[in-house]
Amino acid sequence: MFNGRTTLRTAVVALAVASMIAPACAAHADPTPEQLQAQIDKGNEEVELVVEQYNKVKGDLEATEAAITKLQADLAPLQTTMDTAQDEATTLAVNAYKSGGNLGTWSLMLGARSSDSFTDRVGTLRQISLSQQRDLAAYGAAKDAFTTEQRRLNDTKAAQSQQKIELETRRKKIEGDIARLDAMQAKAEAAAAAAAAAAAKPKTTTTTPPPAGKPPAVSGSAGKAVNYAWAQLGKKYVWGAAGPNTFDCSGLTMMAWKAAGVSLPHNAAQQWQKVRHITRSQLAPGDLVFYNNLGHVGIYIGNNQIIHAPNSRTVVKVAPVDIDKLYGYGRPA
16 MFNGRTTLRT AVVALAVASM IAPACAAHAD PTPEQLQAQI DKGNEEVELV
66 VEQYNKVKGD LEATEAAITK LQADLAPLQT TMDTAQDEAT TLAVNAYKSG
116 GNLGTWSLML GARSSDSFTD RVGTLRQISL SQQRDLAAYG AAKDAFTTEQ
166 RRLNDTKAAQ SQQKIELETR RKKIEGDIAR LDAMQAKAEA AAAAAAAAAA
216 KPKTTTTTPP PAGKPPAVSG SAGKAVNYAW AQLGKKYVWG AAGPNTFDCS
266 GLTMMAWKAA GVSLPHNAAQ QWQKVRHITR SQLAPGDLVF YNNLGHVGIY
316 IGNNQIIHAP NSRTVVKVAP VDIDKLYGYG RPA
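The sequence shown begins at 16 in the working numbering and counts up one residue at a time.
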């Protein structure tokens with residue numbers, strides 16, 4: 016569940032700052048490239064979780080706003096009916112007052128052709144009054160229920176709006192953390208390049224190059240999802256985005272399966288709740304692969320590869336299925 020106060024751990028920033036100022040302190044050696052990469056990986060995981068929390072609260076807020084709109088629409092005809100019943104009851108009371116108590120009874124008697132007719136008229140008058148009282152009571156109770164639900168929804172909206180504001184306010188801090196991680200990444204790459212040059216060996220990389228040619232041949236709905244994801248290769252990562260030109264991880268998988276006619280939420284944890292969980296041996300193109308304690312998700316395309324939107328320092332790309340800490344596998348309906 017979403018917690019608006021969750022943030023990037025201070026340790027990430029502290030480690031980033033420490034790595035930047037370390038050279039000024041002669042007593043401490045610079046972190047190794049491996050140590051820097053471990054810190055970067057940890058920072059990436061924290062950023063992914065914050066992004067997915069933002070997506071969750073944004074979706075919850077939209078659902079609450081829709082519920083408030085529907086409630087107001089449902090309340091309108093009830094209010095009209097209640098106003099009509101109140102007007103009728105007021106008219107009846109005014110007429111009774113004008114008839115002057117006993118005078119009203121004498122009018123009924125004089126207008127009645129028999130004692131049975133008089134009894135019927137009095138009974139009808141009482142029935143109308145009791146019916147209106149029951150209607151007013153029922154409408155009043157219904158309106159009270161609507162008012163209570165409206166108050167609850169408004170309170171929920173206020174809380175969710177505050178959570179969203181807090182996340183948006185923290186955007187600059189998150190981006191600052193990412194900038195520090197970028198500096199750490201550059202330092203790690205420079206250190207690796209220097210080490211490779213000293214050893215007279217070419218620098219190696221584990222990054223999977225963008226594939227050329229056509230997407231893998233996959234039939235049915237899964238094929239539509241894979242083809243959509245393939246068409247987004249090279250597009251920039253932006254948190255909270257779901258196309259057409261930028262994506263985050265769950266935005267990409269959501270839109271890929273939307274192209275196949277399947278609706279998924281814009282949140283990795285909620286997508287996990289909607290898919291059928293499968294094993295690694297059952298994995299087929301189009302299935303979703305979840306990582307980092309449901310902080311990240313990608314779409315499997317076969318040959319032990321996924322397409323995913325990793326983070327703000329890169330683009331939508333193909334990567335090995337074991338690129339990150341695996342959580343599980345799921346198949347959309």
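All residues carry an ideal CB built from backbone N, CA and C; glycine is no exception.
Computed from a prediction, not measured in an experiment: that's the story for all the values here.
Closest by C-alpha distance to residue i, when choosing among the options
i, options, result
"residue 309", "167, 265, 197 and 238", "265"
"residue 289", "245, 95 and 272", "272"
"residue 54", "246, 203 and 230", "203"
"residue 244", "87, 261 and 208", "261"
"residue 91", "270, 161 and 59", "161"
"residue 65", "267, 246, 298 and 178", "178"
"residue 311", "86, 287, 199 and 240", "287"
"residue 229", "241, 156 and 235", "241"
"residue 330", "201, 313 and 153", "313"
"residue 269", "87, 276 and 280", "280"
"residue 52", "87, 198 and 316", "198"
"residue 98", "300, 68, 154 and 49", "154"
Environment of residue i [buried if 16+ CB atoms lie within 10 Å]
i, result
"residue 323", "buried"
"residue 81", "exposed"
"residue 335", "exposed"
"residue 341", "exposed"
"residue 73", "buried"
"residue 337", "exposed"
"residue 235", "exposed"
Residue i - containing alpha helix (DSSP H), residue span
i, result
"residue 239", "235-246"
"residue 266", "264-273"
"residue 287", "283-289"
Reduced DSSP secondary structure (H/G/I, E/B, other) of residue i
i, result
"residue 166", "helix"
"residue 338", "coil"
"residue 301", "coil"
"residue 66", "helix"
"residue 276", "coil"
"residue 295", "helix"
"residue 328", "coil"
"residue 149", "helix"
"residue 124", "Residue confidence is low: residue 124 scores 45 on pLDDT, short of 50, so the model does not pin down where it sits. No coordinate-derived value is stated."
"residue 118", "Unreliable positioning characterises residue 118 in this predicted model, as indicated by a pLDDT of 40, which lies under 50. The coordinate reading is nonetheless provided below. Of the three classes helix, strand and coil, the one that applies to residue 118 here is helix, per DSSP."
"residue 333", "strand"
"residue 345", "strand"
"residue 251", "strand"
"residue 214", "coil"
"residue 78", "helix"
"residue 5", "Not covered by the structure: residue 5. The range shown for the chain is 16 to 348."
Residue i - containing beta strand (DSSP E), residue span
i, result
"residue 313", "311-317"
Near the ligand ATP: residue i beta-carbon under 7 Å from a heavy atom
i, result
"residue 81", "In the structure shown, the ligand ATP is absent, as is every other ligand, since no ligand is present at all."
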